[in-house]
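Have a look at the structure below, then the notes.
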Amino acid sequence: MDTAGALWQHEGPTAADELLDLLPRYLSDDLHGRRALPVLAAMGPHARPILDRLDRFIASGHRLPGTIGDDDAELRADEMMLAAAIAARERIAG
Numbered sequence: 621m622d623t624a625g626a627l628w629q630h631e632g633p634t635a636a637d638e639l640l641d642l643l644p645r646y647l648s649d650d651l652h653g654r655r656a657l658p659v660l661a662a663m664g665p666h667a668r669p670i671l672d673r674l675d676r677f678i679a680s681g682h683r684l685p686g687t688i689g690d691d692d693a694e695l696r697a698d699e700m701m702l703a704a705a706i707a708a709r710e711r712i713a714g
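To convert a position in the sequence shown, counted from 1, into my numbering, add 620.
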């Protein structure tokens with residue numbers, strides 16, 4: 621994920637297709653999903669092709685597969701992921 625952000629910062633829109641092929645795969649990943657969303661948000665309108673996928677993720681009520689060992693902490697992690705997805709969607713949609 622670190623390289624995805626660096627690639628976007630360095631290459632900009634010329635890297636959009638490559639990043640849009642890679643980053644959406646990580647939306648439901650409890651470790652990398654939170655790191656993919658800021659890159660998608662930074663891409664702004666260049667990430668619009670994944671809006672339908674992001675909308676499905678937001679609407680799904682998906683619970684992250686990770687186990688923290690504390691139900692409250694797991695719920696907070698899910699809520700933070702949802703908030704990050706909604707914020708990314710707003711930046712992408714403009």
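Idealized CB from N, CA, C, for every residue including glycine. On a predicted model such as this, the values are computed, not experimentally measured, just so you know.
request  = Determine, using beta carbons only, whether ALA708 and LEU640 come nearer to each other than 9 Å.
outcome  = no
request  = Please confirm whether ILE678 and ILE712 have their CB atoms less than 9 Å apart.
outcome  = no
key: Own chain, CB closer than 6 Å to GLY625, minus 5 neighbours either side, in chain order   = VAL659
query = Short check: CB of GLY632 to CB of GLY714, under 9 Å?
reply = no
task = Find out if the Cβ-Cβ distance for the pair ASP650, ALA697 is shorter than 9 Å.
result = yes
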